[in-house]
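>
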Amino acid sequence: MKRKMSMFLAGVMLMSGVSSVSAQAIPERAVEAVAISAPVDTAVPELYEKTAPFEVEQSKDQFKVILEENPSTGYVWSAKIKDEALITSKGENFIGMDTELLGAPGKKEFSFRVNSDGVSTISFTKNRAGEENPAESLRLLVYKSGEKLIVEEDKVVSINNGEEEETLSADIYYNDALIESKGGLKKIGGITMFPAADVLRAMGYNVEWKEETKSVEISKGAQWTSITIGKNSYFKNKMAPIELSAAPQIVDGSTYVPVEFLAEILGRGLTVDNGDLKLGDMEAQIHSGYVKDIRHDETGTMTITISNVKDSNDINDQIIIHTSKAYTYYNKEAKIGEHINVVCSMIMTMSIPPQTSGYVVY
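Read in order, the letters of the sequence shown are residues -25 to -1, 1 to 337 in mature numbering (1 follows the signal peptide of the UniProt record, and there is no 0).
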């Protein structure tokens, strides 16, 4: 009789709208990140300082992600794996609370297996049937390196400071060989940036992530440098550090740096061909100066005249640089009177002032 009475009261409460036993009534659970040693090729974001809205259970190369869910509200969690070659779904299961209360919440368990070393993401969304926009969303980063497995919330937003991010439909080549990378070239806050680990390793560099300092060490032979996430300070050998067009950033688990890093810091020459970035073993050619004149023509070419002396009108101090959207990355807007640097072609005319092509303005 008591059981029937409790079910009756619960039904009355639901019909009257009094009982809204929702996820808000359930306290959030604290969570500890699973095991943690970052693979050297991946920049690792930090966890949120607030209480994480999920739990993780991990055993060797398998793990479960546990989220609170109340199917009676119509909202259910679903998961989407970015790289299914790396991560395999092993199914999902809803576990209700041990209670007679109608509409009580429970937990949704998602089970996964990691198949090989690497990094990927799993996106979780909480939707109600027929609705496009999720009520909640969550993205987890999954890393595996040897026996170490990391599953943590993707704290690093693809847009670090509210800056827009765009993946460019362009390829990256080294000595005419296509470089395979998961993220490719991106424009972040208007700055063209490249995935450091993928590109530099293809060029023969050693790239190593340092968790304790959130930095990346880059070396090849006697050449060595280090970059720190979020710090716009770059150095070449033992020279004083300089700023480039942006600080290193983490996007989808990869460290991105401005394209001029290749020329300015590593001394590598580059060209841009219909948006594609082409790298080689030639030395970089960089011209710097104050913008004296900017001209546009009907073909879309923007011609920039710079002088290495700020207030000089002497044409012997000047260089004319031809740029265009198809063959130039503009990591800084050229303005009269302002100082710019330009990664240029090795070829220059013998005229006065000399003329050349520009590939990166920064």
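For each residue, glycine too, the CB sits at the ideal point set by N, CA and C.
Taking its Cβ as the centre, do 16 or more other Cβ atoms sit within 10 Å of residue 198, making it buried, or is it exposed?
Result: exposed.
> Based on the DSSP output, what are the partners of residue 236 in its beta bridges?
None, per the DSSP bridge assignment.
> Out of curiosity, what's the CA-to-CA distance linking residue 268 and residue 97?
50 Å
> For residue 251, which residues in the same chain have their Cβ closer than 8 Å to its Cβ, ignoring the five residues on either side in sequence?
145, 146, 147, 148
> Check whether the segment 302 to 319 touches the segment 252 to 266, counting contact only when three or more Cβ pairs, one atom from each stretch, lie closer than 8 Å.
yes
> Give me, in chain order, the residues of the same chain whose beta-carbon lies closer than 6 Å to that of residue 333; leave out the 5 immediate sequence neighbours on both sides.
296, 298, 303, 317, 319
> Per DSSP, what kind of secondary structure is residue 24 in: helix, strand or coil?
Reliability of the predicted coordinates at residue 24 is poor, the pLDDT of 36 falling under 50, and no value is obtained from them.
> For residue 45, does the count of other Cβ atoms within 10 angstroms reach 16, so buried, or fall short, so exposed?
buried
> Taking Cβ positions, are residue 254 and residue 241 nearer each other than 7 Å?
no
> Do the segment 88 to 107 and the segment 33 to 51 touch if we need at least three Cβ pairs shorter than 8 Å?
yes
> Helix, strand or coil for residue 202 per DSSP?
strand
> What residues in its chain sit with their C-beta under 7 Å from that of residue 160, if we drop five residues either side in the sequence?
143, 145, 147, 167, 169, 252
> Kindly give me the distance between the Cβ atoms of residue 173 and residue 156, rounded to whole angstroms, as I take these residues to be in contact under 8 Å.
4 Å
> Between 270, 110, 95, which has its C-alpha nearest residue 116's C-alpha?
Looking at the Cα atoms, 95 is the closest of the given residues.
> Sort 249, 189, 195 by Cα distance to residue 222 and report the nearest one.
189
> Buried or exposed for residue 5, please, with buried defined as at least 16 other CB atoms from any protein chain shown within 10 angstroms of its CB.
Summary for residue 5: the model assigns pLDDT 43, below 50, so the residue's position carries little reliability, and this model does not support an answer.
> Using 7 Å as the threshold, is the C-beta distance between residue 266 and residue 309 below it?
yes
> For residue 219 and residue 337, I'd like the C-alpha separation in whole angstroms.
7 Å
> State the DSSP-derived secondary structure class of residue 36, mapped to helix, strand or coil.
It is coil, neither helix nor strand.
> Among 277, 294, 278, which has the Cα closest to the Cα of residue 285?
294
> Applying the criterion that 16 or more other CB atoms from any shown protein chain within 10 Å of the CB defines a buried residue, is residue 113 buried or exposed?
buried
> Which of helix, strand or coil does DSSP assign to residue 323?
coil
> DSSP beta-bridge partners for residue 86?
39, 66
> Can you give me the C-alpha to C-alpha distance between residue 42 and residue 61, rounded to a whole angstrom?
22 Å
> Once DSSP output is grouped into helix, strand and coil, what is the label at residue 112?
Residue 112 falls in the strand class under three-state DSSP.
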